[in-house]
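Working notes, beginning with the structure itself.
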Amino acid sequence: MAVFVAIIGAIGWAVSYIYGNRNIAYIVLIIAAVYALIQYFAASSLAVAMTGAEEIEKKDNPRYYRIVENLAITTGIPTPRVFIIDDPAPNAFATGRDPKHAIVAATSGLLAIMDDRELEAVMAHEMGHVENYDIRVSMITFGLVSAIGIISDIVFRMMFFGNNDRNNNSNPIIFIIGLVVVILAPIAALIVQLAISRQREYLADATSALTTRDPEALESALEKLETASRPMAKQNSSTAHLFFVNPLKPGVLAQLFSTHPPLPDRIARLKANAHKF
């Protein structure tokens, strides 16, 4: 949170110096705070809409619903709303601002290829995100990264397409520094988001193993996904960090900026710590 505030502050500083008006920095911070607040309450609904998930009741899929229900009882948190995404790509995600407002979703592809032990392990991972408040961290970082991107874009346009009546126009060094800050801010924010997301994935894997007392089941699910995993039909980089495995198309850039650690690394960590669970 401190890093994100610093990045937004740096953008505000750049603009205020270029335009010779310190009030701009305060306006930038206020806009970011309001946007992040809106995202905090609305991002989960937005994520569900973007993935095309449909809410179900127990009668719609008793096997899947009961697994989620039993995990909620085991972990002592309220049963989250349960969704299914009609997509053959095996995947799942959790979202919401806290356990009382949590949502879990699985694709039809995941339900088809996983046996009961594996499905329980995957959903325990997602419930782990709920239990560890990773969903709140994800929503906050999602909101702040989006805010930084939007503000940087607006500032970039102001710098090049705004009026030319700038007090610091005579100082090219200040302008260049401001331009560098505006360009690098979204990249820095993305790197922070990726680092947070990867660590929380490892933590959720460990939570799944502790909850089910069956780390081999999660290992089996991850090994199955090494061969069966594929990109989802509805892809969006803004919601990619929410999913159990990366839902985006593979590629060099996709791997470099992936929100998820590699599957072999996750499997290796589970095996190395199996005796501790």
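Going by the working numbering, the first residue of the sequence shown is number 4, and it counts up by one from there. The beta carbon of each residue, even a glycine, is placed where N, CA and C say it ideally should be.
(message) Extract the residue ranges of the beta strand (DSSP E) inside the region 24-74, only unbroken runs of 3 or more that lie entirely within it.
(response) Taking only runs of at least 3 residues, no beta strand (DSSP E) segment lies wholly in the region 24-74.
(message) According to DSSP, R84 sits in a beta bridge with which residue or residues?
(response) Here residue 84 refers to the residue found at position 81 when the sequence shown is read from its first residue. For R84, the beta-bridge partners assigned by DSSP are I106.
(request) Kindly list the residues whose CB is nearer than 6 Å to the CB of R201, restricted to its own chain and excluding five residues on each side of it in sequence; keep chain order. (result) Position 198 of the sequence shown holds residue 201. Excluding sequence neighbours, R201 sits near P264.
(request) Tell me whether N172 sits in a helix, a strand or coil according to DSSP, three-state version. (result) Here the question's residue 172 lines up with position 169 in the sequence shown. At N172, the pLDDT of 49 sits below 50, so the modelled position is not reliable; the number obtained from the coordinates is stated separately. Reduced to three states, the DSSP call for N172 is coil.
(request) Count the other CB atoms, across all protein chains shown, that sit within 10 Å of the CB of S232; report buried if there are 16 or more and exposed otherwise. (result) Numbered from its first residue, the sequence shown carries residue 232 at position 229. Per the 10 Å Cβ criterion, buried.
(request) If I'm right that H128 touches D208 with Cβ under 8 Å, what's the distance once you round it to whole angstroms? (result) Indexing the sequence shown from 1 puts residue 128 at position 125. Indexing the sequence shown from 1 puts residue 208 at position 205. Contact holds; Cβ gap of about 6 Å.
(request) Could you spell out where the beta strand (DSSP E) holding A275 opens and where it closes? (result) Along the sequence shown, read from residue 1 onward, the residue named residue 275 stands at position 272. First-last for A275: 266-275, but that is the alpha helix (DSSP H), not the beta strand (DSSP E).
(message) If I measure Cβ to Cβ from S111 and keep anything under 8 Å in the same chain, skipping five residues before and after, which residues do I get?
(response) Mapped onto the sequence shown, residue 111 falls at position 108. So the qualifying residues of the chain are I87, I88, D89, D90, P91.
(request) Assign A92 to one of three DSSP states: helix, strand, or coil. (result) Counting from 1 along the sequence shown, the entry for residue 92 is found at position 89. Per DSSP, reduced to three states, the secondary structure at A92 is coil, with no helix or strand assignment.
(request) Compare the beta carbon distance of V37 and V18 with 8 Å and say whether it is the shorter of the two. (result) Residue numbering aside, residue 37 sits at position 34 when the sequence shown is read from its first letter. Residue numbering aside, residue 18 sits at position 15 when the sequence shown is read from its first letter. Not closer than 8 Å, so no.
(message) Could you check whether T215 and T54 sit closer than 8 Å to each other, using their CB atoms as the reference points?
(response) On the sequence shown, position 51 is the one that residue 54 refers to. On the sequence shown, position 212 is the one that residue 215 refers to. No, they are not a contact pair.
(request) With a 10 Å radius around its C-beta and 16 neighbouring C-beta atoms as the bar for buried, classify I270 as buried or exposed. (result) Taking the first residue of the sequence shown as position 1, residue 270 is located at position 267. Answer is buried; the Cβ neighbour count reaches 16.
(message) On the DSSP letters alone, give me the boundaries of the alpha helix (DSSP H) that A224 sits inside.
(response) In the sequence shown, residue 224 corresponds to position 221, counting from 1. 218-231 is the extent of the alpha helix (DSSP H) around A224.
(request) Report yes if the C-beta distance between A97 and V107 is below 8 Å; otherwise report no. (result) The residue given as residue 97 occupies position 94 in the sequence shown. The residue given as residue 107 occupies position 104 in the sequence shown. Taking 8 Å as the cut-off, the Cβ atoms of A97 and V107 count as close.
(message) Once the 5 residues before and after I34 are set aside, which same chain residues still bring their CB inside 6 Å of it?
(response) The sequence position of residue 34 within the sequence shown is 31, counting from 1. Within the same chain, I34 has no close Cβ partners at all.
(request) Give the single residue among V85, Y67, G79 whose Cα lies nearest to the Cα of A56. (result) As a working mapping, residue 56 is identified with position 53 in the sequence shown. Considering only alpha carbons, the answer is V85.
(request) Give me whichever residues DSSP pairs with F246 in a beta bridge. (result) The residue you call residue 246 lines up with position 243 of the sequence shown. Paired residues: F96.
(request) Have a look at F159 and Q42 and give me their C-alpha separation to the nearest angstrom. (result) Your numbering for residue 159 matches position 156 in the sequence shown. Your numbering for residue 42 matches position 39 in the sequence shown. Roughly 23 Å separates the two Cα atoms.
(request) Could you tell me which of I154, R69, S47, H104 sits nearest to D119, measuring between CA atoms? (result) One-based indexing of the sequence shown puts residue 119 at position 116. Closest option to D119, Cα to Cα, is R69.
(request) Look at the Cβ atom of F246, then the Cβ atom of V125, and state whether they are nearer than 8 Å. (result) Position 243 of the sequence shown, counted from the first residue, corresponds to residue 246. Position 122 of the sequence shown, counted from the first residue, corresponds to residue 125. No, the Cβ-Cβ distance between F246 and V125 is not below 8 Å.
(request) Could you tell me the boundaries of the alpha helix (DSSP H) in which M130 lies? (result) Here residue 130 refers to the residue found at position 127 of the sequence shown. M130 -> alpha helix (DSSP H) spans 119-134.
(message) Which residue marks the beginning of the alpha helix (DSSP H) containing A115, and which one marks its end?
(response) Stepping through the sequence shown from its first residue, residue 115 is reached at position 112. Run containing A115: 111-116, per the alpha helix (DSSP H) assignment.
(request) Give me the Cβ distance between A191 and L273, rounded to the nearest whole Å; I'm assuming they're in contact under 8 Å. (result) Locating residue 191 in the sequence shown gives position 188, counting from the first residue. Locating residue 273 in the sequence shown gives position 270, counting from the first residue. 31 Å between Cβ atoms; not a contact.
(request) Find the nearest neighbour of H104 within the set Y136, E123, T78, judged by alpha-carbon distance. (result) Numbered from 1 along the sequence shown, position 101 holds the residue referred to as residue 104. Here the closest residue by C-alpha is Y136.
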